[in-house]
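Q:
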Amino acid sequence: GKRNWDMKGSGFYVSLEWVTLSKKNKDSKKYEIIKRDILRGKSAPHYAAIEPDGNGLMIVSYKSFAFVQAGQDLEENKDENMSEKIKEPLYYWQQTEDDLTVTIRLPEDSTKEDIQVQFLPHHISIVLKGQRFLEGNLYSSVDPESSTWIIKENNSLEISLIKKNEGLTWPELVVGDKQGELLRDSVQCAAIAERLMHLTSEELNPNPDKEKPPCNAQELEECDIFFEESSSLCRFDGNTLKTTHVVNLGSNQYLFSVIVDPKEMPCFCLRHDVDALLWQPHSSTQDDMWEHIATFNALGYVQASKRDKKFFTCAPNYSYAALCECLRRVFIYRQPTPMSTVLYNRKEGRHVGQVAKQQVASLETNDPILGFQATNERLFVLTSKNLFLIKVNTEN
1 GKRNWDMKGS GFYVSLEWVT LSKKNKDSKK YEIIKRDILR GKSAPHYAAI EPDGNGLMIV
61 SYKSFAFVQA GQDLEENKDE NMSEKIKEPL YYWQQTEDDL TVTIRLPEDS TKEDIQVQFL
121 PHHISIVLKG QRFLEGNLYS SVDPESSTWI IKENNSLEIS LIKKNEGLTW PELVVGDKQG
181 ELLRDSVQCA AIAERLMHLT SEELNPNPDK EKPPCNAQEL EECDIFFEES SSLCRFDGNT
241 LKTTHVVNLG SNQYLFSVIV DPKEMPCFCL RHDVDALLWQ PHSSTQDDMW EHIATFNALG
301 YVQASKRDKK FFTCAPNYSY AALCECLRRV FIYRQPTPMS TVLYNRKEGR HVGQVAKQQV
361 ASLETNDPIL GFQATNERLF VLTSKNLFLI KVNTEN
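Residues in the sequence shown are numbered from 1 upward in steps of one, following UniProt numbering.
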């Protein structure tokens, strides 16, 4: 629907209706609607699932959702505004072999006097306008004497930290802090691209020893490899209609959802660096609400090179993942399997005990692909006139 009051963005909103049905009485075969709730947001959800017990709802979306009462404006909804604030990363950080750069967006009209930054070998403290902004133990040690900070013209604070242990890659800046987002530079992207080159080839049987690689790693830009838009995962309580959990997914791009266990909510797959990780949500009564159940090595990077992808899925036993384009082509990525003979990588001088495989199937049709479903053994591909069946694994 469209509302005149909403001047931000397109002015359109997305409504999700949560309808609860119940039997009229024990012996009756008739059901009636006993509850109807509406959520609204400003982007289509990537994922939405009701918990098996019906008590909660989970949504992954770029813009946050909130319940609305009849006749209530979205602008007035406090929950929505709260989630919006949580979603924006508190800071961005980058690293090289020798140093780290932290960038923080400053409040309007900030001056040098409003900022206090304290460097210790293992600790950092940032205070903005008397409020503690970020404080905690650093992942590894830095040289406080050489570390500096400046205010940039675009109203941001840039902090430069010099690593004590050169060459050590930091997975996080402040231990246990999830409010920042790591940005990688083009040199790091190129190095990753080089390592994963064979998996992004469009050919049916790419030859890894050919002189010229299928794409030039130097030409890959950051946007090809790392997805910057930030989505969030929210859980809503069905009784209070309040948001109980919000997780900022940062640059962990949403890839697809798949049902692995019919008794559970569908799993969702997120990009983590170059890999793709499969997460199983559980109802809020359990301790681990999101369980990591599988990893597809290098799939996060590989899928980014497939510009025309339409459907994306994986087998319930995680043995392979598959995606298809709008027409004809289907790409199958098998999980690395231990090999009977060990390969020797001449370039890097190391032995390779297992290898991931990409296969490409081309359907003999000009009809667009309308449906895509994977089982452990087969892949079903639906077009307007045919149902294609691709045998991927042999039955055990």
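Just so it is clear, CB atoms sit at the ideal spot from N, CA and C, and this is done for glycine as well.
#1: Per the DSSP calculation, H292 is bridged to which residue(s)?
#2: Return the CA-CA distance between V302 and W170, expressed in angstroms with no decimal places.
#3: Which residues bound the alpha helix (DSSP H) around G300?
#4: Closer than 6 Å by C-beta to S257: which residues in its own chain qualify, once you throw out the five before and the five after it? Chain order, please.
#5: For L278, which residues of its own chain have a beta-carbon under 6 Å away from its beta-carbon, when the five flanking residues on both sides are left out?
#6: Tell me where the beta strand (DSSP E) around W18 begins and ends.
#7: Going straight from the alpha carbon of G41 to that of E145, what length do you get?
#8: Hey, which unbroken runs of the beta strand (DSSP E) at 3 residues or more fall wholly within the UniProt domain "CS" (86 to 174)?
#9: Mapping the DSSP letters down to three states, classify V330 as helix, strand or coil.
#10: In this structure, how does DSSP classify R378 when only helix, strand and coil are distinguished?
#11: Tell me, please, which residues DSSP counts as bridged to R36.
#12: So E135 packs on S147, CB below 8 Å; how close in whole Å?
#13: When DSSP labels each residue in this structure, what does M265 get in the three-state scheme?
#14: What would DSSP say about T365, mapped onto helix, strand or coil?
#15: So S231 and Y62 are in contact, right, with Cβ under 8 Å, and what is the actual spacing, rounded?
#16: Among A44, S43, L90, N25, which one has its Cα closest to the Cα of N248?
#17: In or out: V274 buried (at least 16 other Cβ within 10 Å) or exposed?
#18: Thinking C-alpha only, which one of W149, N137, I151, P107 is nearest G130?
#19: Considering D237, what are the terminal residues of the beta strand (DSSP E) in which it resides?
#20: Taking a contact to mean a Cβ-Cβ separation below 9 Å, would you say L138 touches L168 in this structure?
#21: Apart from the five residues just before and just after E17, which ones in its own chain have a Cβ nearer than 6 Å to its Cβ?
#22: Output needed for K164: all residues of its chain with C-beta closer than 8 Å, excluding positions within five of it in sequence on either side, in chain order.
A: Short version:
#1: BP columns for H292 point to W279.
#2: Roughly 24 Å separates the two Cα atoms.
#3: Membership of G300 in the alpha helix (DSSP H) is indicated by the continuous run 299 to 304.
#4: Same-chain partners within the cutoff: Y47, P266, F268.
#5: Cβ within range, chain order: C267, C269, I293, A294.
#6: Unbroken beta strand (DSSP E) run through W18: 14 to 23.
#7: Here the alpha carbons of E145 and G41 stand approximately 47 Å from one another.
#8: Considered as a whole, the UniProt domain "CS" (86 to 174) harbours 91 to 95, 99 to 105, 115 to 120, 123 to 128, 131 to 137, 148 to 151, 156 to 162 as its complete beta strand (DSSP E) runs of no fewer than 3 residues, in chain order.
#9: Strand, per DSSP.
#10: Note: R378 maps to strand in three-state DSSP.
#11: DSSP lists V19 as the beta-bridge partner residues of R36.
#12: With 8 Å as the limit, E135 and S147 do not qualify as a contact, their Cβ atoms being about 15 Å apart.
#13: Looking at M265 - three-state DSSP - the assignment turns out to be coil, as it is neither helix nor strand.
#14: Correct three-state label for T365: coil.
#15: In this structure S231 is in contact with Y62, their Cβ atoms being roughly 5 Å apart against a cut-off of 8 Å.
#16: Each of A44, S43, L90, N25 was checked against the Cα of N248, and the nearest Cα belongs to L90.
#17: Answer is buried; the Cβ neighbour count reaches 16.
#18: The residue with the shortest Cα to Cα distance from G130 is P107.
#19: 232 to 237 is the extent of the beta strand (DSSP E) around D237.
#20: In this structure, L168 does not lie closer than 9 Å to L138 by Cβ.
#21: For E17, where only same-chain residues beyond five positions count, the Cβ hits under 6 Å are I38.
#22: Cβ neighbours of K164 within its own chain (closer than 8 Å, five residues either side excluded): P121, S140, S141, V142, D143.
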